[in-house]
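Protein sequence lines, in the order shown, are assigned to chains A and B.
Under the numbering used here, think of the first position of the first sequence as 13, with each following residue one higher.
Under the numbering used here, think of the first position of the second sequence as 13, with each following residue one higher.
2 protein chains.
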Amino acid sequence: MTTRSDGLRTIVPFDPDDPCTRLAPVLDPPERREFAAAMRDDVLDAVRAGGGEPELLSPEPIDADVPVTVDERSLSKAVNGVLAAAAERLLTGGRPCPNDTGQPVAVVMADLALATPRALAALFDADGDVVIAPGRGAGTNALVVRDPEFRVDYHGASYLDHRRAARNVEADVRTIDSYQLATDIDEPADLSELLVHGDGRAARWLRDAGFEVTVGEGRTAVERADDVRV
Amino acid sequence: MTTRSDGLRTIVPFDPDDPCTRLAPVLDPPERREFAAAMRDDVLDAVRAGGGEPELLSPEPIDADVPVTVDERSLSKAVNGVLAAAAERLLTGGRPCPNDTGQPVAVVMADLALATPRALAALFDADGDVVIAPGRGAGTNALVVRDPEFRVDYHGASYLDHRRAARNVEADVRTIDSYQLATDIDEPADLSELLVHGDGRAARWLRDAGFEVTVGEGRTAVERADDVRV
């Protein structure tokens with residue numbers, strides 16, 4: 013493992029207990045755990061290669077080769093715990109550069125199995141007190157926070173809520189236009205995207221598990237060979 | 013209307029007869045015609061502002077302030093007619109520069125109502141004999157063709173088919189990572205994306221028609237006020 017000492021501190025929330033529940037129609041619980049871990053490791057690799065320094069944020073201890081912060085609270089509360097601690101350190105420890113606008117922390121979801129180093133580097137390097145990579149359905153798939161007052165709320169239409177929250181603390185918001193970052197692998201239809209565009213561990217895991225893209229009536233779908241179980 | 017004389021020739025296929033059929037559950041036929049025209053005009057504006065010189069390709073005559081090519085054949089055949097004619101002119105007329113790799117023609121779908129000038133400029137400016145902006149579901153939402161032998165086939169998993177077709181004519185393929193270009197407004201769930209991210213004619217049309225984003229059980233959806241008809 014290599015990390016850049018000047019990388020952007022990047023939190024990857026990951027819950028190893030019963031992950032990817034919306035994939036339950038096509039993957040059983042042990043399969044979902046394996047698949048979720050493969051996606052997480054793809055994301056950690058892409059974060060590193062994109063210039064970030066990844067850490068996991070989990071409700072329970074995980075054996076990993078990156079720092080793990082354990083916080084049993086909900087996703088939003090746990091992420092806000094990290095943001096508050098970073099802001100606190102900044103306020104008590106002084107800013108590293110005079111023009112630093114705040115503590116830089118990135119948050120990247122663990123199911124962004126299509127995220128490439130290039131897309132993440134564009135996110136990390138974008139100007140803005142708050143930089144958001146929206147997900148389909150008004151989600152927030154990745155963001156960079158440089159404003160010490162900004163807090164997250166992942167419930168509901170979080171992209172719209174985060175824009176509003178940023179305005180409320182007078183933070184400048186930018187949006188990153190990336191299909192790779194917009195595509196979280198969340199439900200069965202998303203597996204098709206991973207099979208079409210992916211080439212990492214998670215895509216290989218899916219192919220090894222017998223999944224393939226099919227075309228019926230002009231639309232693509234995903235099918236699993238009946239006799240293949242990993 | 014302004015066009016750049018050095019803009020990339022950009023074909024926008026548009027069929028005014030019964031457009032957006034998959035939106036039939038939420039819009040009646042006259043509404044679908046209005047909405048489709050609003051999306052088309054948003055796309056034409058974005059193409060111009062992104063450095064392209066837009067033309068419509070339609071199975072029937074349309075009254076428009078851009079050139080219209082009428083071709084009654086299927087989408088793929090009509091687009092290939094344009095590509096073949098451009099290649100023919102190139103071969104008989106000589107190449108403008110010694111290193112020109114072929115006739116540049118872009119094809120941009122008329123339902124990319126989220127496409128911004130910036131995203132389209134990135135497409136137009138990207139290197140590659142064939143540059144593809146994939147759509148969700150392995151579609152091809154926009155592309156640039158600089159290879160005189162390349163032809164399209166929009167049926168099925170066209171993104172994969174176009175990559176294969178490019179390899180077959182030894183054309184170098186690039187992919188553009190853009191959520192805006194990946195999001196065609198095709199089915200009711202897509203309307204939510206337009207309401208969340210859009211600010212052009214089509215987004216205004218939808219809002220005026222009473223559509224709004226709702227959040228239920230943590231997921232976003234789109235609803236229409238019962239008493240609003242445009």
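For glycine and all other residues, C-beta sits at the position ideal for the given N, C-alpha and C.
Note that the structure is predicted; figures quoted are calculated from it, not measured.
Rounded C-alpha distance that separates residue i from residue j
{"i": "Thr232 (chain B)", "j": "Val225 (chain B)", "result": "7 Å"}
{"i": "Arg44 (chain B)", "j": "Ala36 (chain B)", "result": "8 Å"}
{"i": "Val164 (chain B)", "j": "Ala131 (chain A)", "result": "28 Å"}
{"i": "Asp139 (chain B)", "j": "Arg186 (chain B)", "result": "7 Å"}
{"i": "Gly222 (chain B)", "j": "Arg236 (chain B)", "result": "5 Å"}
{"i": "Ala133 (chain A)", "j": "Glu72 (chain B)", "result": "46 Å"}
{"i": "Arg101 (chain A)", "j": "Pro28 (chain B)", "result": "60 Å"}
{"i": "Gly212 (chain A)", "j": "Val119 (chain B)", "result": "30 Å"}
{"i": "Val78 (chain B)", "j": "Glu65 (chain B)", "result": "9 Å"}
{"i": "Asp54 (chain B)", "j": "Leu206 (chain B)", "result": "12 Å"}
{"i": "Asp202 (chain A)", "j": "Val234 (chain A)", "result": "9 Å"}
{"i": "Thr129 (chain B)", "j": "Val94 (chain A)", "result": "First, the residue type needs correcting, since residue 129 (chain B) is Pro and not Thr in the sequence shown. Looking at the two C-alpha atoms, the distance is approximately 37 Å."}
{"i": "Arg52 (chain A)", "j": "Pro146 (chain A)", "result": "19 Å"}
{"i": "Ala98 (chain A)", "j": "Arg21 (chain A)", "result": "10 Å"}
{"i": "Gly4 (chain B)", "j": "Asp75 (chain A)", "result": "In the structure displayed, chain B extends from 13 to 242; residue 4 (chain B) sits before or after that span and is not available."}
{"i": "Pro25 (chain A)", "j": "Ser170 (chain A)", "result": "16 Å"}
{"i": "Thr195 (chain B)", "j": "Ala214 (chain B)", "result": "14 Å"}
{"i": "Ile144 (chain B)", "j": "Asp83 (chain A)", "result": "42 Å"}
{"i": "Gly168 (chain B)", "j": "Val142 (chain A)", "result": "39 Å"}
{"i": "Pro67 (chain A)", "j": "Asp123 (chain B)", "result": "The amino acid occupying residue 67 (chain A) in the given sequence is Glu; Pro does not appear at that position. C-alpha separation (whole angstroms): 40 Å."}
{"i": "Thr152 (chain A)", "j": "Asp198 (chain A)", "result": "13 Å"}
{"i": "Ala150 (chain B)", "j": "Asn180 (chain A)", "result": "39 Å"}
Residue-chain proximity (residue i, chain B), Cβ-Cβ < 7 Å
{"i": "Ala127 (chain A)", "result": "no"}
{"i": "Ala50 (chain A)", "result": "no"}
{"i": "Ser86 (chain A)", "result": "no"}
{"i": "Thr152 (chain A)", "result": "no"}
{"i": "Gly168 (chain A)", "result": "yes"}
{"i": "Thr232 (chain A)", "result": "yes"}
Three-state secondary structure (DSSP) of residue i
{"i": "Asp112 (chain B)", "result": "Reliability of the predicted coordinates at Asp112 (chain B) is poor, the pLDDT of 44 falling under 50, and the value obtained from them is presented with this limitation in mind. Coil, per DSSP."}
{"i": "Arg45 (chain B)", "result": "helix"}
{"i": "Arg176 (chain B)", "result": "helix"}
{"i": "Ala201 (chain A)", "result": "helix"}
{"i": "Ala98 (chain B)", "result": "helix"}
{"i": "Ala194 (chain B)", "result": "helix"}
{"i": "Ala134 (chain B)", "result": "helix"}
{"i": "Ala118 (chain A)", "result": "strand"}
{"i": "Val59 (chain B)", "result": "helix"}
{"i": "Leu124 (chain B)", "result": "coil"}
{"i": "Leu39 (chain B)", "result": "coil"}
{"i": "Tyr171 (chain B)", "result": "helix"}
{"i": "Gly163 (chain A)", "result": "As written in the sequence, residue 163 (chain A) is Arg, which differs from the Gly given in the question. In this structure, Arg163 (chain A) counts as coil in the three-state DSSP scheme."}
{"i": "Val208 (chain B)", "result": "helix"}
{"i": "Val181 (chain A)", "result": "coil"}
{"i": "Ser86 (chain A)", "result": "coil"}
{"i": "Pro129 (chain A)", "result": "helix"}
{"i": "Ala215 (chain B)", "result": "helix"}
Residue i at chain A interface by Cβ criterion, 7 Å
{"i": "Val208 (chain B)", "result": "yes"}
{"i": "Cys109 (chain B)", "result": "Since pLDDT at Cys109 (chain B) reaches only 46, below the 50 mark, its modelled position is unreliable, and no value is offered."}
Within chain B, the residues that residue i reaches when beta carbons sit closer than 7 Å
{"i": "Ala36 (chain A)", "result": "Result: empty, since nearest Cβ-Cβ is about 16 Å, beyond 7 Å."}
{"i": "Asp189 (chain A)", "result": "Ala131, Ser190, Tyr191, Gln192"}
Sheet register partners of residue i (DSSP bridge)
{"i": "Gly64 (chain A)", "result": "A:Leu20"}
{"i": "Phe223 (chain A)", "result": "A:Arg236"}
{"i": "Ala145 (chain B)", "result": "B:Ala154"}
{"i": "Arg52 (chain B)", "result": "According to DSSP, which records beta bridges pairwise, Arg52 (chain B) is partnered with nothing at all."}
{"i": "Leu69 (chain A)", "result": "A:Pro25, A:Thr81"}
{"i": "Arg186 (chain A)", "result": "A:Val143"}
Contact list for residue i against chain A, beta-carbon separation under 9 Å
{"i": "Arg186 (chain B)", "result": "The premise fails here: Arg186 (chain B) is roughly 12 Å from chain A at the closest Cβ pair, so nothing lies under 9 Å."}
{"i": "Val225 (chain B)", "result": "Ala150, Ala169, Leu172"}
{"i": "Glu235 (chain B)", "result": "Ordered by position in chain A, no residue passes the 9 Å Cβ test against Glu235 (chain B), which lies about 13 Å from the chain."}
Proximity test, residue i beta-carbon vs the ligand ATP heavy atom, cut-off 6 Å
{"i": "Val227 (chain A)", "result": "Looking at this structure, you won't find the ligand ATP or any other ligand, since it has none at all."}
Residues that residue i contacts on chain A, provided the C-beta gap is smaller than 8 Å
{"i": "Ser204 (chain B)", "result": "Gly149, Ala150"}
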